[in-house]
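S.K.: Okay, here's the structure, questions in a sec.
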Amino acid sequence: MPIVAQSTETIDWVSRFADEVIEESERRAPGKPVVVASGLSPSGPIHLGNLREVMTPHLVADEIRRRGRQVRHLIFWDDYDRYRKVPAGIAGVDESWAEHIGKPLTSVPAPEGSPHPNWSEHFKAAMVASLAEMGVEFDGISQTEQYTSGVYREQILHAMRHRADIDAVLAQYRTKPKAAKKQQKPLDEAELEAAEGSGAASEDDGSSGSAGYFPYKPYCGSCEKDLTTVTAYDDDTTELSYVCTACGFSETVRLSEFNRGKLVWKVDWPMRWAYEGVIFEPSGVDHSSPGSSFQVGGQIVGIFGGEQPIGPMYAFVGISGMAKMSSSKGGVPTPADALKIMEPQLLRWLYARRRPNQSFKIAFDQEIQRLYDEWDKLGAKVADDSALPGDVAAYTRATGTAAGPLPATARPLPYRTLASVADITAGHQDQALRILSDLDPAHPLASLEEARPRYDRAEAWINTYVPADQRTIVREEPDVDLLKSLDEKAQHSLRLLLDGLDEHWSLDGLTHHVYGVPKVQAGFSADATPKELPPEIKTAQRSFFALLYHLLVGRDTGPRLPTLLLAVGQDRVRRLLGE
């Protein structure tokens, strides 16, 4: 069944697009499978901005599948694009890779130590694995295979015959001044790269020298680079002559038999739309500018007898806690990076809950704990039927696909609790199980497997993204000097805490007890609500918490105190608090 909101006022964006795509597909290709598409260039790490290029059509395709219709989600791997620059910070790559600039990505060696045959396959493999983990079903199309096997031969010859028509379209934009774009904030290079999404958008649109305009660029027969200039072409014989400006090599070939070259990007993209019958494909924010690939493609696609796909312009995906991403630089956050610290359901939800034209951030810092809290609250609301229809739709799309639910953690304990336990236990799984079993003594964990994979994600976050100076190290010995300096009130607060440890030794019990000590000390009930208490109680609680942190971990702050107490264990807590 399709996921549709139960109120016409709150139908989610995926359902709306699915409606439009099905209607458009029936108009263009009645009775045939619906075709949606994405384009990815494996020129380096494929980052989380590029993932929006895939997730937007995936979610729409999945909704169409839920409605019982056949749909193909194509991912065009732009692996026949030129190698443009040497990305910084990639292990096994140095400046010697600059000698390959201009070659097809599939002709560039993979980074040293890679098990993959070339540069393209190395970066493609990580993305393919991540998409599988996220439940994304797709048909991959290698542009290297398409071009070098001659699949596009007729389209290339057609483009060359109609090169004057293509040139006329492109000429409308070559000298046209670009309109000033209204931006809430300026886009930096990383955002532009993420926004462009499909293909090598910075490529030129073809040569227009003394020999005329040609929408096709051969790769050199000697050095393999695309630094070539077409010097002549005969429509009748399809003889094409070119010279390489890099090495001086020149030759004349028959384009009807030649498979070592490709259409320039602004012609290649619309050609694919027509060839595959693409109905829906999103485009990056930079495609809104005059002369952009998507806008120009909308005119050129008619030359190939096709129509431009419908689809939204998608906004930038930011990163919380890391430098802005750029696939030309090292340390780029990729889907694989995100999936090391969060479950696939959460990552899917981040893309499903926001309309494509809304930007959002993916958290690699402390914000991930708040995101997980929000996710778990939504799950509880969905379970008790109190969630809004649009939120239910996003949650359902995140937790599974038309093929079924994604594998999930059996006991999804709070992420922030798991992170604290992983932090405190520093990899000791027996200790982690002991603490987690104490969270709810009535229903203890039988094994750590019940808390996986969420526990593993939280542990990876602690070990990878929490700075060393923020990690929790429990004291080995009591802070004797601090204990001796405590006044009678502080000593009394510690005695109240220690006296109630046995009775309250569970996560909920300790939460109630720790917050209750300052209340009781001030003459109120431990059950008193904030409305029943004077403002100074909050100040007393903060002071009490700071004292406990100093005595336990030697800092003003740390993991949530109930979790910390459980982690340290009763005997050690009593010793460190001076009993």
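For reference, each letter of the sequence shown is one residue, going 91 to 669 in the numbering used here. Glycine is no exception: its CB is placed at the ideal position from the N, C-alpha and C atoms. Given the structure is predicted, the values throughout are model-derived calculations rather than measurements.
Answer yes or no: do ILE154 and VAL111 have a C-beta to C-beta separation smaller than 8 Å?
M.R.: The answer is yes: Cβ separation under 8 Å.
S.K.: Just to confirm, are PRO305 and VAL343 a CB contact at a threshold of 8 Å?
M.R.: Result no, Cβ atoms of PRO305 and VAL343 do not sit closer than 8 Å.
S.K.: Whole angstroms are fine: how far does the CA of ALA522 sit from the CA of SER510?
M.R.: Approximately 10 Å between the Cα atoms of the pair.
S.K.: What residues are listed by DSSP as bridge partners for CYS334?
M.R.: Beta-bridge pairing links CYS334 to THR318.
S.K.: Can you tell me whether VAL604 is buried or exposed, with buried defined as 16 or more other CB within 10 angstroms of its CB?
M.R.: Buried: at least 16 other Cβ atoms inside 10 Å.
S.K.: Check the DSSP bridge columns for THR489 and list the partner residues they point to.
M.R.: Per DSSP, none; premise fails for THR489.
S.K.: Would you call the segment 165 to 182 in contact with the segment 129 to 148, where contact means no fewer than 3 C-beta pairs closer than 8 Å?
M.R.: Touching, yes.
S.K.: Which whole-angstrom value describes the C-beta separation of PRO399 and ILE369, a residue pair presumed to lie in contact below a C-beta threshold of 8 Å?
M.R.: Confirmed, about 6 Å.
S.K.: Alpha carbon to alpha carbon, how far is GLN459 from ILE246? Give it in angstroms, no decimals.
M.R.: Looking at the two C-alpha atoms, the distance is approximately 52 Å.
S.K.: Just to confirm, are ASP295 and VAL354 a CB contact at a threshold of 8 Å?
M.R.: Yes; because the gap between Cβ atoms is below 8 Å, this pair is in contact.
S.K.: Count the CB pairs spanning the segment 113 to 133 and the segment 308 to 317 that are closer than 8 Å, and state whether there are at least three.
M.R.: Too few Cβ pairs lie closer than 8 Å, so no.
S.K.: Quick one: what's got a C-beta closer than 6 Å to GLY225's C-beta in the same chain, skipping five residues either side?
M.R.: Taken in chain order, the residues that qualify are THR491 and LEU496.
S.K.: How is HIS252 classed by DSSP in three states: helix, strand or coil?
M.R.: DSSP places HIS252 in coil when its eight states are reduced to three.
S.K.: Could you pull the start and end residues of the alpha helix (DSSP H) that VAL218 belongs to?
M.R.: Looking at the DSSP string, the run of the alpha helix (DSSP H) that includes VAL218 is 209 to 223.
S.K.: Using the C-alpha atoms, what's the distance from PHE406 back to LEU656?
M.R.: Using only the alpha carbons, I get a separation of about 41 Å.
S.K.: Using DSSP's beta-bridge definition, name the partner residues of LEU230.
M.R.: With the sequence shown as reference, residue 230 is identified as Gly, and Leu is not the correct amino acid for it. Per DSSP, ILE165.
S.K.: Going by C-alpha distance, which of LEU600, ALA215 and GLU669 is nearest SER204?
M.R.: Selected option, being the one with the closest Cα: ALA215.
S.K.: Quick check for students: name the residue ranges of the alpha helix (DSSP H) that lie wholly in the segment 567 to 650, counting only runs of 4 or more.
M.R.: Listed in chain order, they are 570 to 575, 578 to 589, 597 to 611 and 626 to 643.
S.K.: Taking DSSP's pairing of strands, which residues face ILE403 in a bridge?
M.R.: The residue you asked about is not Ile; residue 403 is Met in the sequence shown. Per DSSP, SER373.
S.K.: Beta strand (DSSP E) containing PHE107: first to last residue?
M.R.: Per DSSP, PHE107 belongs to no beta strand (DSSP E); it is in the alpha helix (DSSP H), 103 to 118.
S.K.: Does the count of Cβ pairs from the segment 630 to 648 and the segment 563 to 580 closer than 8 Å reach three?
M.R.: At 8 Å Cβ cutoff, the stretches touch.
S.K.: Is the number of C-beta pairs between the segment 167 to 174 and the segment 231 to 247 that are closer than 8 Å three or more?
M.R.: In short, these stretches touch, since the Cβ pair count reaches three.
S.K.: Determine which residues share a DSSP beta bridge with SER128 and list them.
M.R.: SER128 pairs with ILE165.
S.K.: What does the alpha-carbon distance come out to for the pair THR619 and LEU637?
M.R.: The straight-line gap from Cα to Cα measures roughly 23 Å.
S.K.: Classify ALA322: buried if its beta carbon has 16 or more other beta carbons within 10 angstroms, exposed otherwise.
M.R.: Classification of ALA322: exposed, given that the 10 Å Cβ count is below 16.
S.K.: Whose CA, out of GLY338, THR328 and SER220, lies closest to the CA of THR319?
M.R.: Cα-wise, what sits closest to THR319 is GLY338.
S.K.: Consult DSSP for LEU344 and reduce its assignment to one of helix, strand or coil.
M.R.: Correcting the residue identity first, residue 344 is Arg in this sequence and not Leu. ARG344 falls in the strand class under three-state DSSP.
S.K.: Spell out a yes or no on whether the segment 457 to 472 and the segment 143 to 160 are touching, meaning 3 or more CB-CB pairs, one atom from each, closer than 8 Å.
M.R.: No, because fewer than three Cβ pairs between the segment 457 to 472 and the segment 143 to 160 fall closer than 8 Å, the two stretches do not touch.
S.K.: Have a look at SER633, ARG547 and ASP661 and flag the residue whose alpha-carbon is nearest the alpha-carbon of LEU591.
M.R.: For LEU591, the nearest C-alpha among the options comes from ASP661.
S.K.: If you reduce the DSSP assignment to three classes, tell me which class GLY182 lands in.
M.R.: Here GLY182 sits in coil by DSSP.
S.K.: Contact between the segment 429 to 443 and the segment 526 to 541: three or more CB pairs below 8 Å?
M.R.: No contact exists between the segment 429 to 443 and the segment 526 to 541.
S.K.: Would you decide whether THR629 is buried or exposed? Buried here means 16 or more other CB atoms lie within 10 Å of its CB.
M.R.: Exposed, by the Cβ-count rule.
S.K.: Going by DSSP, name the residue or residues bridged to GLY351.
M.R.: PRO308.
S.K.: Please confirm whether any heavy atom of the ligand MN lies closer than 7 Å to the CB of LYS307.
M.R.: Looking at this structure, you won't find the ligand MN or any other ligand, since it has none at all.
S.K.: Note down the Cα distance separating PRO147 from LEU138, rounded to an integer number of angstroms.
M.R.: About 15 Å.
S.K.: In three-state DSSP terms, what is GLU329?
M.R.: Residue state, collapsed to three classes: strand.
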